[in-house]
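The sequence shown begins at 35 in my numbering and counts up by one.
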Amino acid sequence: ARVETELDWLDDVIADGRPFLAGDKFTRADIAVASLLSPFARPDAMPLYQRMEFPPNLAADLARWQSRPTLQWVANIYTHHRKRSPRSTPR
Numbered sequence: 035a036r037v038e039t040e041l042d043w044l045d046d047v048i049a050d051g052r053p054f055l056a057g058d059k060f061t062r063a064d065i066a067v068a069s070l071l072s073p074f075a076r077p078d079a080m081p082l083y084q085r086m087e088f089p090p091n092l093a094a095d096l097a098r099w100q101s102r103p104t105l106q107w108v109a110n111i112y113t114h115h116r117k118r119s120p121r122s123t124p125r
């Protein structure tokens, strides 16, 4: 329930369509939030997260949360602001 409360808050913060959390530039705030939530968002830029397995109850939550604006925002941050690392690409 605590995670959903925080996701609700972040959904409200970005509801106005802002691309960044703190102002009009990409900042450490964006990096911190995107980094912390990336295992939940499972962005394509991080193939490792696609292969991770979670306990059934958490996997159900993650599936439900994929449509949340915050997790879509995280995926967008990774798509537009993170370079692909050769070490994170599966072989």
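Just so you know, even glycine gets a beta-carbon here, dropped at the ideal spot from N, CA and C. Fair warning: this is a prediction, and the values are worked out from it, not measured in the lab.
Touch test, the stretch 88-100 against the stretch 60-67, Cβ-Cβ under 8 Å, three pairs minimum | no
What whole-angstrom Cβ distance do A68 and V37 have, given they're in contact under 8 Å?
-> That belief does not hold up - the Cβ atoms of A68 and V37 are roughly 16 Å apart, past 8 Å.
Buried or exposed by the 16-neighbour rule on C-beta atoms within 10 Å, applied to A35 = exposed
Given H115, which residues of its chain have a CB within under 6 Å of its CB, disregarding the five upstream and five downstream residues?
-> F60
Option in I111, A97 and P103 with minimal Cα separation from L41 | P103
What's the C-alpha gap between L96 and E87?
-> 11 Å
Length-filtered (4 minimum) alpha helix (DSSP H) runs lying within the stretch 84-122 = For the stretch 84-122, whole alpha helix (DSSP H) runs of length 4 or above, ordered along the chain, are 90-99 and 103-115.
Alpha helix (DSSP H) runs contained entirely in the stretch 45-83, provided each spans 4 or more residues = Contiguous alpha helix (DSSP H) elements confined to the stretch 45-83 occur at 62-75, taking only those with 4 or more residues.
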